[in-house]
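Chemist: Quick one: the structure is below, questions incoming.
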DNA sequence: CAAGTGATGACACTTACTGACATCAATCTA
DNA sequence: TAGATTGATGTCAGTAAGTGTCATCACTTG
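Residue numbers (the numbering used here), protein chains in the order written: chain S, 26 to 213; chain B, 26 to 213.
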């Protein structure tokens, strides 16, 4: 038996989410989170740079996935096709646990600061995908544009999926959203 | 002669920008801003909800412009055409004072919190444009998608314009960016 | 001329976040 | 195996953002 209870980070994340749901993000103090996790405030800030970051810990995993898929797309794939494969993977990845996504999103939607953090995470994803496209030889502004637009498609599909009632498939919504994008921009 | 020096808000905004440039956003305290403006900290927070908001005071004006132009686009205009007219107006509006945009953008780019605020302002613009499209009878997700993609185009053109060296025309870059978007998404 | 009124100041308070140092059980090393 | 080392945590003091509340005071209005 070790000196400390194991999985301090996990306990902090769990306690945070519980409290954010119970009484809202703003009404929760870090001291309360730490107490519920059986740790101190100082330790909380050793694991998470701030109070918001707890909810976005998984973003780096998603980013790695997107970048990998874009990088490994067939050489023949156009930029938008490479992005499409990444969205497909993201849909499969996130589509697993819809209930958790819904709870988490309800917390985020209830607080402006959290929405800000969500947006910068998405912007970071877009920047990473743009980089991956440039690695494939795609020039700017095409790379930035394709990535940015890919994230727009992602956002809208994810939003429908999370807020929708039925048991829709995220990857499917991603494809539909992309198709819709093509229809919208084709108006010439 | 009035009891207080006039234009308290303007003095606070001016002092803020100066200090953000001189020593950076984080290294500037609200107390310092207030002192330079000849007011108190408490008064600063009566004019601006927080330290970041000073830099985004003009966003509502831009939003009104975008919404108006989308609303007044010809009935025959497709969603993306309506968005295009809005981008055109935004380009003309912001294109006026490039020097100011550049200074302001340098401050924002140097700080993550400010980038977060910028992103949520852009997201708010997108939401407002989507609303304006829905008023025209455009259904979702087409409205959201067109607005979101419009903002992506805006971001990329604005970025090029602000960080570029030459005296390029913002409205022109907007058109180019939109054309590029159509090319990117047309890959079928 | 007295009673508002609106912008500002004064002040106390909460809380996020940081830096510096202490603690202490496990582990390594001579 | 004694003693040094290490790594996760605690303790404590401090800064600064942001808020609530009441006081002030010049100007306005009846």
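All residues carry an ideal CB built from backbone N, CA and C; glycine is no exception. As the structure is a prediction and not an experimental result, all values here were calculated from the model.
1) Identify each residue in the region 75-94 of chain S for which the Cβ-Cβ distance to at least one residue of chain B is less than 7 Å, and report them in chain order.
2) Mind pulling the alpha helix (DSSP H) runs of 4 or more residues that sit fully within the region 99-164 of chain B?
3) Does the Cβ of residue 67/B have 16 or more other Cβ atoms within 10 Å, making it buried, or fewer, making it exposed?
4) Which residues of chain B have a Cβ atom closer than 9 Å to the Cβ of residue 174/S, listed in chain order?
5) Below 8 Å, can you find three or more Cβ-Cβ pairs linking the region 157-176 of chain B to the region 160-179 of chain S?
6) Using a C-beta cutoff of 8 Å, does residue 140/S count as contacting chain B?
7) Just to confirm, is the Cβ distance from residue 99/B to residue 209/S under 8 Å?
8) Is the separation between the beta-carbon of residue 74/B and that of residue 153/B shorter than 8 Å?
9) I need the straight-line Cα distance from residue 65/B to residue 78/B, nearest angstrom please.
10) For residue 133/S, which residues in chain B fall below 9 Å Cβ to Cβ?
11) Less than 8 Å between the C-beta atoms of residue 107/S and residue 158/S, yes or no?
12) Could you spell out where the alpha helix (DSSP H) holding residue 51/S opens and where it closes?
13) Which residues, in chain order, does the region 151-173 of chain S contribute to contact with chain B at a C-beta distance below 7 Å?
14) Of all Cβ atoms in chain B, is any one closer than 8 Å to the Cβ of residue 195/S?
15) Within 8 Å of any Cβ in chain S, is that where the Cβ of residue 148/B sits?
16) Within 10 angstroms of its Cβ, does residue 26/S collect 16 or more other Cβ (buried), or is it exposed?
17) Which class does residue 175/S belong to by DSSP, given the choice of helix, strand or coil?
18) Considering only residues of the same chain and omitting the five flanking positions on each side of residue 146/S, which have a CB-CB separation below 8 Å?
19) Mind checking if residue 41/B is an interface residue toward chain S, Cβ cutoff 8 Å exclusive?
20) By a C-beta neighbour count over all protein chains shown, 10 Å radius and 16 as the cutoff for buried, is residue 29/B buried or exposed?
21) Taking just the CA atoms, how far does residue 72/B sit from residue 181/S?
22) Buried or exposed: which applies to residue 116/B, given that a residue is buried once 16 or more other Cβ atoms fall within 10 Å of its Cβ?
23) Are the beta-carbon atoms of residue 126/B and residue 187/B separated by less than 8 Å?
24) Hey, out of 211/S, 169/S, 204/S, whose CA is closest to residue 207/B's CA?
25) Anything in the region 96-107 of chain S with a Cβ closer than 8 Å to a Cβ of chain B? List those residues in chain order, please.
26) Helix, strand or coil for residue 96/B? Go by DSSP, reduced to three states.
27) Under 8 Å Cβ-Cβ, which residues of chain S neighbour residue 185/B?
28) Show which residues of chain S have a CB atom less than 8 Å away from the CB atom of residue 114/B.
29) Taking the beta carbon of residue 166/B as the centre, do at least 16 other beta carbons fall within 10 Å, making it buried, or is it exposed?
Modeler: Inspection of the coordinates gives the following:
1) Residues of the region 75-94 of chain S with a C-beta atom less than 7 Å from some C-beta of chain B do not occur.
2) 104-119, 123-134, 137-160
3) exposed
4) 173, 174, 177, 178, 206, 209, 210
5) yes
6) True, the Cβ-Cβ gap to chain B drops below 8 Å.
7) no
8) Not in contact: residue 74/B and residue 153/B (Cβ atoms no closer than 8 Å).
9) 17 Å
10) Under the 9 Å cutoff, chain B gives no residues; its nearest Cβ is about 12 Å from residue 133/S.
11) yes
12) For residue 51/S, no alpha helix (DSSP H) encloses it, and the DSSP letter there is neither H nor E.
13) Of all residues in the region 151-173 of chain S, 166, 167, 169, 170, 171, 173 have a Cβ within less than 7 Å of some Cβ in chain B.
14) no
15) yes
16) With a pLDDT of 38 at residue 26/S, under the threshold of 50, the modelled position of that residue is not reliable, and the figure given next carries that caveat. Exposed: under 16 other Cβ atoms inside 10 Å.
17) The three-state secondary structure of residue 175/S, taken from DSSP, is helix.
18) Within its own chain, the residues whose Cβ lies closer than 8 Å to the Cβ of residue 146/S, once the five positions on either side in sequence are excluded, are 81, 84, listed in chain order.
19) no
20) exposed
21) About 35 Å.
22) buried
23) yes
24) 211/S
25) Residues of the region 96-107 of chain S with a C-beta less than 8 Å from any C-beta of chain B: 103, 104, 105, 106, listed in chain order.
26) helix
27) 166
28) Going along chain S, no residue has its Cβ under 8 Å from residue 114/B, so there is no contact; the nearest lies around 19 Å.
29) buried
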